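Below is one structure, written out as structure tokens; comments come after it.
Protein chains in written order, with my numbering: chain A, 1 to 149; chain B, 1 to 471.
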């Protein structure tokens with residue numbers, strides 16, 4: 001680098017640049033959280049049951065195999081749109097599907113990927129279904145591209 | 001080694017390498033489970049093995065960063081470490097907590113683990129990379145606070161160098177951002193948004209400061225180039241890292257709920273994120289070309305060049321490949337993400353820790369000019385085997401990802417293959433990835449072997465010109 005460009009100039013770019021972008025990021029975060037998200041995450045439907053379902057999701061480390069809104073592991077199917085894929089967008093159909101599925105695991109088909117039996121109660125499965133249904137309704141800019149996730 | 005207390009870095013490095021070995025073994029388990037789905041089921045289901053694989057990585061990199069810090073801060077500050085005893089105590093606390101957590105993952109059912117660690121009181125578990133029980137998270141926070149106290153007391157009483165200031169800034173950032181791991185609201189979109197404050201702002205933010213500082217330190221030592229020049233580069237690199245990386249967080253906000261302006265912000269700024277890594281390549285090669293000494297530790301020099309190049313490829317190029325929103329719409333959460341993750345973590349953070357270990361370990365073992373020639377040759381074989389294997393792991397996962405997108409993502413609903421059907425179709429790539437993973441393990445064994453080679457240490461170097469007082 002040319003001698004005219006001194007170390008203190010480099011330091012000032014670092015300090016000024018990072019301070020500016022930290023502040024910009026905080027301002028954008030404030031705008032996202034206070035103005036935009038309430039419109040997009042259907043939080044008026046965020047019931048206690050949905051929150052309980054989120055805890056079922058977390059306490060069984062579902063994200064260790066599945067992805068949710070594209071984040072998590074890539075060993076098992078995406079579940080942010082499983083309500084549409086397996087429940088056809090109908091709460092009752094989806095609950096029945098989830099109940100059947102969770103109780104049928106593991107399949108024990110030799111050589112196939114296996115989902116553990118988590119021994120969830122009927123209530124926990126309903127909560128989980130409610131959580132996944134709520135998740136499917138978040139405005140996520142139209143992701144994923146198709147129903148397969 | 002100029003200060004006796006630098007030696008406390010040794011247990012940190014050794015323990016880091018042991019955990020590294022564990023990480024690779026579980027990586028192979030996962031690789032096999034990708035093709036033989038019921039391997040080790042139900043004893044070690046995929047989610048458990050993955051949690052062990054990723055958490056071991058995080059913990060051993062933290063051990064590596066801490067070891068690097070204990071080694072270089074006293075030397076930069078030209079004073080003994082404030083409290084070697086505290087460093088030893090924290091080592092045992094962190095090692096015990098880390099080991100117990102991993103054993104908990106392996107031997108206790110996760111829901112039971114959540115229950116017995118009273119996750120209910122402050123639910124933080126069950127989120128990717130943040131699977132640790134809340135009590136472990138608190139333990140990590142306390143260890144880091146004690147570590148920072150020790151380091152800052154050391155730095156403050158001695159010479160204040162740019163390397164120390166940048167390194168400590170990065171470590172403070174690491175500690176502060178960790179606090180977001182305790183925030184887990186019931187609203188998933190909020191949870192995800194602030195989860196990235198830990199994950200992205202660590203690896204694409206403050207960790208780059210840590211990496212830059214360690215690289216700068218090693219380059220000062222092995223090239224003898226004037227510190228003023230190196231510090232100027234370091235400032236430019238970290239300026240680029242934060243200017244691009246902070247708003248670059250937006251590339252994670254595309255599809256998890258935040259508004260559309262992030263599509264633009266995230267795309268533009270993260271497209272610039274390769275810049276700091278490209279600067280690191282220029283930095284490392286320029287300094288080595290302008291070296292004023294021929295340091296006999298050639299292995300350390302190879303790691304220093306290697307980490308810059310591989311970080312640029314993995315974090316920079318492979319990151320850019322899928323960071324633009326219209327591309328990411330199809331690649332998000334596919335094997336492309338896995339490909340990028342593997343090479344970026346290896347190139348940037350695994351290799352920078354191995355760089356400082358390569359430089360500092362021989363010195364701590366009484367070989368100030370590096371290991372014997374035989375040991376260095378073996379270490380360099382380890383370098384090439386692991387690095388080339390990682391290139392192939394990345395290429396095979398990229399192939400798997402492209403095919404996955406082609407079959408599962410691009411066709412319309414109704415015509416697209418299901419996730420599981422797609423996985424069957426791309427299993428050949430997973431088999432090849434597994435083979436590459438076995439070569440990686442072979443490279444790791446060779447690398448470990450290099451530590452046990454005896455023989456004459458490297459003799460004193462030839463100095464090209466007047467060396468600086470630092471070198």
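Think of the CB as a built atom: it goes at the ideal place given N, C-alpha and C, for glycine as much as any other residue. Quick caveat: nothing in here was measured; it's all calculated off a predicted structure.
Coarse secondary structure for residue i, derived from DSSP in three states
i: residue 5/B; result: helix
i: residue 17/A; result: helix
i: residue 39/A; result: helix
i: residue 68/A; result: strand
i: residue 38/B; result: coil
i: residue 194/B; result: helix
i: residue 166/A; result: Past the edges of chain A, shown from 1 to 149, lies residue 166/A, and the structure says nothing about it.
i: residue 71/B; result: helix
i: residue 369/B; result: coil
i: residue 48/A; result: helix
i: residue 408/B; result: helix
i: residue 145/A; result: coil
i: residue 454/B; result: coil
i: residue 83/B; result: coil
i: residue 392/B; result: helix
i: residue 108/B; result: coil
i: residue 31/B; result: helix
i: residue 362/B; result: helix
i: residue 129/B; result: coil
i: residue 430/B; result: helix
i: residue 150/B; result: helix
i: residue 137/B; result: helix
i: residue 21/B; result: helix
Minimum C-alpha distance to residue i - residue among the options
i: residue 87/B; options: 99/B, 156/B, 12/B and 141/B; result: 12/B
i: residue 128/A; options: 115/A, 48/A and 75/A; result: 48/A
i: residue 226/B; options: 436/B, 290/B and 74/B; result: 290/B
i: residue 443/B; options: 399/B, 377/B, 396/B and 430/B; result: 377/B
i: residue 139/A; options: 22/A, 52/A, 10/A and 37/A; result: 37/A
i: residue 392/B; options: 407/B, 249/B, 431/B and 8/B; result: 431/B
i: residue 125/A; options: 53/A, 144/A and 34/A; result: 53/A
i: residue 30/A; options: 51/B, 4/B and 190/B; result: 190/B
i: residue 188/B; options: 14/A, 63/A, 114/A and 147/A; result: 63/A
i: residue 451/B; options: 439/B, 380/B and 419/B; result: 380/B
i: residue 45/B; options: 173/B, 105/B and 81/B; result: 105/B
i: residue 215/B; options: 240/B, 200/B, 166/B and 198/B; result: 166/B
i: residue 17/B; options: 31/B, 195/B and 58/B; result: 58/B
i: residue 96/A; options: 110/A, 130/A, 136/A and 114/A; result: 130/A
i: residue 148/A; options: 21/A, 67/A, 35/A and 6/A; result: 67/A
i: residue 198/B; options: 240/B, 128/B and 256/B; result: 128/B
i: residue 33/A; options: 408/B, 448/B and 194/B; result: 194/B
i: residue 236/B; options: 4/A, 5/A and 10/A; result: 10/A
i: residue 151/B; options: 256/B, 8/B, 31/B and 366/B; result: 8/B
i: residue 312/B; options: 279/B, 324/B and 342/B; result: 279/B
i: residue 49/B; options: 327/B, 277/B and 110/B; result: 110/B
i: residue 157/B; options: 80/B, 51/B, 231/B and 173/B; result: 80/B
Residue i CB to nearest heavy atom of the ligand PLP below 7 Å
i: residue 115/A; result: No copy of the ligand PLP appears in this structure; indeed no ligand is present at all.
Give the list of continuous beta strand (DSSP E) stretches no shorter than 3 residues that lie fully inside the segment 217-304 of chain B. Fully enclosed beta strand (DSSP E) runs of no fewer than 3 residues are not present anywhere in the segment 217-304 of chain B.
- prompt: Going along the segment 92-105 of chain A in order, which residues come within less than 8 Å of chain B, judged by CB to CB distance?
  reply: Sequence-ordered contacts of the segment 92-105 of chain A with chain B are nonexistent [C-beta pairs closer than 8 Å].
_Ranges of the alpha helix (DSSP H) found wholly within the segment 55-130 of chain A, counting only runs of at least 4_ = 82-87 and 91-104, all fully within the segment 55-130 of chain A.
Check your understanding: So, do the segment 70-77 of chain A and the segment 9-23 of chain B have three or more beta carbon pairs nearer to each other than 8 Å?
Key -> Not touching, per the Cβ criterion.
Three or more C-beta pairs below 8 Å linking the segment 453-460 of chain B and the segment 369-384 of chain B = They touch, by the three-pair rule.
>> Below 8 Å, how does it come out for the segment 299-319 of chain B and the segment 281-290 of chain B: are there three or more Cβ pairs, yes or no?
In response: As far as the Cβ criterion goes, the segment 299-319 of chain B touches the segment 281-290 of chain B, which means the pair count is three or higher.
Determine which residues of the segment 322-349 of chain B have a Cβ less than 8 Å from any Cβ of chain A, and write them out in chain order.
Within the segment 322-349 of chain B, the qualifying residues are 329, 330, 332, 333, 334, 335, 337 and 338.
Taking one C-beta from the segment 355-367 of chain B and one from the segment 294-306 of chain B each time, how about it: are there three or more such pairs within less than 8 Å? Taking 8 Å as the limit for Cβ pairs, the verdict is that the segment 294-306 of chain B does touch the segment 355-367 of chain B.
Problem - Short-range partners of chain A found in the segment 377-404 of chain B, where Cβ spacing is below 8 Å - result: Taking 8 Å as the Cβ-Cβ cut-off, the segment 377-404 of chain B has no residue approaching chain A.
- Message: Does the structure place the segment 209-229 of chain B close enough to the segment 179-187 of chain B that three or more beta carbon pairs sit under 8 Å?
- Response: Counting C-beta pairs closer than 8 Å gives fewer than three between the segment 179-187 of chain B and the segment 209-229 of chain B, which falls short of the contact rule.
- Query: Looking at chain B, which residues of the segment 32-45 of chain A have a Cβ within less than 9 Å of any of its Cβ atoms?
  - Reply: Flagged, chain order: 32, 33, 35, 36, 37, 39, 40, 41 and 43.
- Task: Could you run through the segment 129-148 of chain A and flag, in chain order, every residue whose CB is less than 9 Å away from some CB of chain B?
- Result: Within the segment 129-148 of chain A, the residues whose Cβ lies closer than 9 Å to some Cβ of chain B are 131, 134, 135, 138, 139, 140, 141, 142, 143, 144, 145, 146, 147 and 148, listed in chain order.
What are the residues of the segment 249-276 of chain B that lie near chain A, defined by any Cβ-Cβ distance shorter than 9 Å? Those would be 249, 250, 252, 253, 254, 255, 256, 257, 258, 259, 260, 261, 262, 263, 265 and 269, in chain order.
Check whether the segment 105-117 of chain B and the segment 128-145 of chain B touch, using three or more Cβ-Cβ pairs below 8 Å as the test. Flag = yes, the segment 105-117 of chain B and the segment 128-145 of chain B touch.
Exercise for the section: Assess, as a yes-or-no matter, whether the segment 34-46 of chain B is touched by the segment 63-72 of chain B under the definition of 3 or more beta carbon pairs within less than 8 Å. Expected result: They do not touch, by the three-pair rule.
Q. Are at least three pairs of beta-carbons, each pair with one atom in the segment 383-403 of chain B and one in the segment 338-354 of chain B, less than 8 Å apart?
A. These segments touch.
query: Just by C-beta distance, which residues in the segment 65-85 of chain A are closer than 7 Å to chain B?
result: Within the segment 65-85 of chain A, contact with chain B at the beta-carbon level (separation under 7 Å) is assigned to 65, 67, 69, 70, 71, 72, 73, 74, 75, 77 and 78.
message: For the structure I just gave you, are there three or more beta carbon pairs, one from the segment 82-97 of chain A and one from the segment 193-202 of chain B, closer than 8 Å?
response: Short answer: they don't touch.
| query | If you scan the segment 303-354 of chain B from start to end, which runs of the alpha helix (DSSP H) of 4 or more residues do you find wholly inside it? | reply | Whole alpha helix (DSSP H) segments, 4+ residues: 318-321, 325-331 and 335-344.
### Task
Pair every Cβ in the segment 238-251 of chain B with every Cβ in the segment 21-29 of chain A, then say whether three or more of these pairs are closer than 8 Å.
Taking 8 Å as the limit for Cβ pairs, the verdict is that the segment 21-29 of chain A does touch the segment 238-251 of chain B.
Where the segment 83-99 of chain B meets chain A: residues whose CB sits under 7 Å from a CB there: Shown here is that no member of the segment 83-99 of chain B has a Cβ falling below 7 Å from a Cβ of chain A.
- Should the segment 412-424 of chain B be called in touch with the segment 96-105 of chain A, which here means at least 3 C-beta pairs below 8 Å? As far as the Cβ criterion goes, the segment 412-424 of chain B does not touch the segment 96-105 of chain A, which means the pair count is below three.
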